[in-house]
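Note that this note's numbering has the sequence shown beginning at 593, numbered continuously upward.
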Amino acid sequence: MWKLILLALIIWLGFYIFKRNLSNFKAPKTDENMASNDAIEDMVQCATCAVHLPRSEAFLVGGIFYCSQSHIKRK
Ligand SMILES: [Zn+2]
């Protein structure tokens, strides 16, 4: 009986250490991802051809993004 409890304890300890190492390993990774996300510019979609492009390169007309002047829908 004691062997079983000891075995369960060892397994639990193993999982505990594994989970702790995993979260320690993940923590800097998520920080890195957040930092790189900040560096990446917002992508917007052209309303005419649905192409994705950086916000700074897009034409914003009436709250709608377009990839080029020729794609701006004229009313
Ligand atoms: Zn377009």
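In this text, a Cβ means the ideal position worked out from N, Cα and C, and glycines have one as well.
Check: Following a CB-centred definition, is S648 positioned closer than 8 Å to any heavy atom of ligand 1?; Outcome: no
Check: As a quick check of your reading: which residues have a C-beta less than 7 Å from at least one non-hydrogen atom of ligand 1, in chain order?; Outcome: C638, T640, C641, V643, Y658, C659, S660, H663
Check: How would you label A642, buried or exposed, when you count the other beta carbons within 10 angstroms and need 16 or more for buried?; Outcome: exposed
Check: Suppose the cutoff is 7 Å on Cβ atoms and the five residues either side in sequence are ignored; what does the same chain contact list for H663 look like?; Outcome: C638, T640, C641
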